[in-house]
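Peer 1:
Number of protein chains: 2
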Amino acid sequence: MSTIADVAARAGVSKATASRALSGRGYVSDDTRDRVETAARALSYVAHSSATSLATGRTQTIGVIVPSVGRWFFSELLTGAQETLLENGYDLALFGVPERSTARRQVLDDVLPRRRFDGVIVVGIEPDSPEMAQLLRLGRPVVSVGPHTARMNAVSIDDAAAARIATEHLIDLGHTEIAFIGGATEADALTLGDARRLKGFRSAMDAAGLDGRSSVAPAAGTMPSGYEAAVDLLGNRRTRPTGVVGVCDEVAIGTIIAARRLGIAVPTELSVVGIDDHQHAEMFSLTTIRQQPREQGRAAVRLLLRQLDDPDAPVEDVVAASALVVRSSSAAPR
Amino acid sequence: MSTIADVAARAGVSKATASRALSGRGYVSDDTRDRVETAARALSYVAHSSATSLATGRTQTIGVIVPSVGRWFFSELLTGAQETLLENGYDLALFGVPERSTARRQVLDDVLPRRRFDGVIVVGIEPDSPEMAQLLRLGRPVVSVGPHTARMNAVSIDDAAAARIATEHLIDLGHTEIAFIGGATEADALTLGDARRLKGFRSAMDAAGLDGRSSVAPAAGTMPSGYEAAVDLLGNRRTRPTGVVGVCDEVAIGTIIAARRLGIAVPTELSVVGIDDHQHAEMFSLTTIRQQPREQGRAAVRLLLRQLDDPDAPVEDVVAASALVVRSSSAAPR
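Quick mapping for you: the protein sequence lines, in order, are chains B and A.
Residues 17 to 350 (my numbering) make up the first sequence, in order.
Residues 17 to 350 (my numbering) make up the second sequence, in order.
(1) With a CB to CB cut of under 8 angstroms and the five nearest residues on each side skipped, what residues in its chain are close to Gly140 of chain B?
(2) In chain order, what residues of the region 294-308 of chain A put their CB closer than 9 angstroms to some CB of chain B?
(3) Which term fits Gly228 of chain A, buried or exposed, when burial requires 16 or more other beta carbons within 10 angstroms of its beta carbon?
(4) May I ask you to verify whether the region 140-156 of chain B touches the region 173-183 of chain B, counting CB pairs closer than 8 angstroms and requiring at least 3?
(5) Residues in its own chain within less than 8 angstroms of Ser230 of chain A by CB, not counting five upstream and five downstream?
(6) As a quick exercise: from B:Asp292, B:Gln312 and B:Val317, pick the residue whose alpha carbon is nearest that of Ile305 of chain B.
(7) Please classify Val331 of chain B: is it buried, with 16 or more other beta-carbons within 10 angstroms of its beta-carbon, or exposed?
(8) So, does the CB of Asp248 of chain A fall closer than 8 angstroms to a CB anywhere in chain B?
(9) Can you name, in chain order, every residue of its own chain whose Cβ lies under 8 angstroms from the Cβ of Ser346 of chain B, other than the five neighbours on each side?
(10) What does a CB cutoff of less than 6 angstroms around Arg74 of chain B pick up in its chain, not counting 5 residues either side in sequence?
(11) My assumption, with CB atoms under 8 angstroms, is that Leu110 of chain A sits in contact with Leu321 of chain B. Please give the rounded CB distance.
(12) Is DSSP giving Phe111 of chain B helix, strand or coil here?
(13) Give the C-beta separation of Met299 of chain A and Ile273 of chain B to the nearest angstrom, bearing in mind that I take them to be a contact with Cβ-Cβ under 8 angstroms.
(14) Whose CA, out of A:Pro114, A:Ala97, A:Ala25 and A:Ser241, lies closest to the CA of Val136 of chain A?
(15) Counting only C-beta atoms, is Leu102 of chain B closer than 8 angstroms to chain A at any point?
(16) I'd like to know whether the C-beta of Glu2 of chain B is nearer than 8 angstroms to at least one C-beta of chain A.
(17) Does the CB of Ile273 of chain A have a neighbour CB from chain B at under 8 angstroms?
(18) Go through its chain and collect everything with a Cβ distance to Ala56 of chain B's Cβ below 7 angstroms, but skip five positions before and after it.
(19) Which of the three DSSP states, helix, strand or coil, is assigned to Phe217 of chain A?
(20) With 16 as the cutoff for other CB atoms within 10 Å, does Thr54 of chain A come out buried or exposed?
(21) Which of helix, strand or coil does DSSP assign to Ile141 of chain B?
(22) Quick check on Val138 of chain B: buried or exposed, where buried means 16 or more other Cβ atoms within 10 Å of its Cβ?
(23) Check the Cβ of Ser160 of chain A against every Cβ in chain B and list those closer than 9 angstroms, keeping chain order.
(24) List, in chain order, every chain B residue whose beta-carbon is nearer than 8 angstroms to that of Gln98 of chain A.
(25) I'd like to know whether the C-beta of Glu53 of chain B is nearer than 8 angstroms to at least one C-beta of chain A.
(26) Under 8 angstroms, CB to CB, which of the residues in the region 264-288 of chain B have a partner in chain A?
(27) Could you tell me the boundaries of the alpha helix (DSSP H) in which Ala329 of chain A lies?
(28) Starting from Arg51 of chain B and walking both ways along the alpha helix (DSSP H), at which residues does that stretch end?
(29) Starting from Phe89 of chain B, trace the alpha helix (DSSP H) both ways and give me its first and last residue.
(30) Please report the straight-line C-alpha distance between Val52 of chain A and Ile78 of chain A, rounded to a whole angstrom.
(31) Could you tell me which of B:Thr19, B:Ala211, B:Arg49 and B:Glu266 sits nearest to Arg130 of chain A, measuring between CA atoms?
(32) For Ile280 of chain B, does the three-state DSSP call read helix, strand or coil?
(33) Looking only at C-alpha atoms, which of A:Leu319, A:Ala205, A:Ile269 and A:Gly86 sits nearest to Gly244 of chain A?
(34) Between Ala58 of chain A and Arg26 of chain A, how many whole angstroms is the CB-CB distance? I'm expecting something under 8 angstroms.
(35) Just tell me which of B:Ala177, B:Val261 and B:Ala182 has its CA closest to the CA of Gly198 of chain B.
(36) Could you say which of B:Val158, B:Arg156, B:His164 and B:Asp125 lies nearest to Pro143 of chain B if we only look at CA atoms?
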């Protein structure tokens, strides 16, 4: 197996120059880079990342912690983060560990301190949790994706605004009986993001003088949970609202499926609005607030790489754009 | 920062023993392990994985290549693989790279040869592709998940049998006009797995003497694509089948949604059967053939770790179980 010394000798440069040319870090002229790359190819030279790592102090690997790999938001975010890391020569070490799981404790207590990741991206972690404090104590760049309280490097959307805009869309169409489906089935499980969406719904209803006519049906943020909550809510003809704001698109789609099962026409008898613009939103003609988790994953990586380039870079709090997308699940009430 | 030498001195053992005790590799007595762990905790010792890696020749990292992170099958598989790797002290380096993408070429040509992963798990790669040959040339353990042809370490289901059982279920109920939705919209994009499912469908129809009454509506393996193909297929009352086998659950669910839109009652006017037991199958009461991608991810890791423990272990070809799950999307034709 060829060494970096063999490559340097063949290219007629020093080992340090050959290493710079191949790693892409530090300046070498184009001509030198070409000579070194040609020599490396001729010798079938392959850099050993472990040795490179000891030499540079970098592992070129970023740890990413998500509560689930399968949910749409997280998988889109992972896709964006991984693409951007790959473009920049970094690997993504994946930790899909549910909240309050043993695996999650293991990752935080044991794996992260041992592995010398260059930085960590953490998704959907509660900002005032002991976990966040533990991550920051690692002394490496950390970027948070999701709602947060403290000033830190983070990417989020304005959750309250998203829910307020969704609710105002129904109010503008003339709806007065509007329900919010989502939040949490247990009070202690209410996430900061869902709490802010609920608050945004209530503030829109309050501002329109409709606070007495709003109702909240708790549901987890999944299609089956939204379906079940909607069957209960819509099943009672006397208390049935004419508009529903889902805490997320999966809940809103569960609501549309429940309405179809119950023979309630969308949008003539029921308008439904979601938040996300999930991959299935279009198929269900769902009016929604678009957030782009893939872009949020890209933005998180850019924030992290900036910290790696310049440890003194100022803290940046990116608020990702979201916009109302009107499809045919919402209309004026009959 | 404490070193392994500090830990060894405090515990009164050799550096090699301290290293064995902390890495979990190689024998040490329980008493010694306790002494070393106590010393490591007292000194806040954290192993450096790069240094460990140079010493052991292992990076404790497995590269996993999937064509997409977001699709249900792949995200379930990733979840199972990552859990099992974590349990065994390994990290998962994620490469979600679509077929025929530049990123995929970069991973195969550049990233994998440079990174010293202990092994690679690759999902849904065509067995006779140049990519598979390239992977095997890495000289490290490779496990393939998905249909394959050559004898290699692999996890798959019997795709032909899955589709045959789904089709036979409809034939047993009395259906004679049965369509298969799926395959591929372009001939050169037909995957080995889909080709085998199509073959399983045709062999069941042939065996029942119904080969003249089968039809195939091409679709990609997604819900929207299944929906579109079903709208075309079911829209024509004269050629409408009474039963549909979807190449996967996403296509079958798209078919059910299309039927609802067209006012065709499932199962009284149309029976639909899928393959997967997708997370949404139950919500759509979908009769399906259950395959368990999370278990397949676990099995792939176990196969890989076995190769790492014993490079001479015989090649093993795991065929994962699949079973008919009858729900209410299928019934006898009227």
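Backbone N, C-alpha and C fix where the C-beta goes; we use that ideal spot for every residue, glycine too.
Peer 2: This is what the structure holds:
(1) Val82, Pro83, Phe90, Val161, Gly162, Thr207 and Gly209
(2) Gln295, His296, Glu298, Met299 and Phe300
(3) Gly228 of chain A is exposed by the Cβ-count criterion.
(4) no
(5) Ile194, Ala195, Phe196, Phe217, Arg218 and Met221
(6) Closest by alpha carbon: B:Asp292.
(7) exposed
(8) no
(9) His185, Leu186, Leu189, Gly259, Pro283, Ser287, Val288, Val289 and Thr303
(10) The answer, listed in chain order, is Asp134.
(11) In fact, because the Cβ distance is near 18 angstroms, the residues do not count as touching under 8 angstroms.
(12) strand
(13) 7 angstroms
(14) A:Ala97
(15) yes
(16) Examination of residue 2 of chain B is not possible in this model, given that chain B is present from 17 through 350 alone.
(17) yes
(18) Val23 and Leu38
(19) helix
(20) exposed
(21) coil
(22) buried
(23) Those do not exist, as Ser160 of chain A stays about 20 angstroms from chain B at its closest Cβ, beyond 9 angstroms.
(24) Val85, Leu110, Phe111 and Gly112
(25) no
(26) Gly270, Ile273 and Arg276
(27) Counting along the chain, Ala329 of chain A falls outside any alpha helix (DSSP H), and DSSP gives it neither H nor E.
(28) Asp46 to Ala58
(29) Trp88 to Glu103
(30) 28 angstroms
(31) B:Thr19
(32) coil
(33) What sits at residue 244 of chain A in the sequence shown is Glu, not Gly. Closest by alpha carbon: A:Ile269.
(34) 7 angstroms
(35) With distances taken between CA atoms, Gly198 of chain B lies nearest to B:Val261 out of B:Ala177, B:Val261 and B:Ala182.
(36) Nearest C-alpha to Pro143 of chain B: B:His164.
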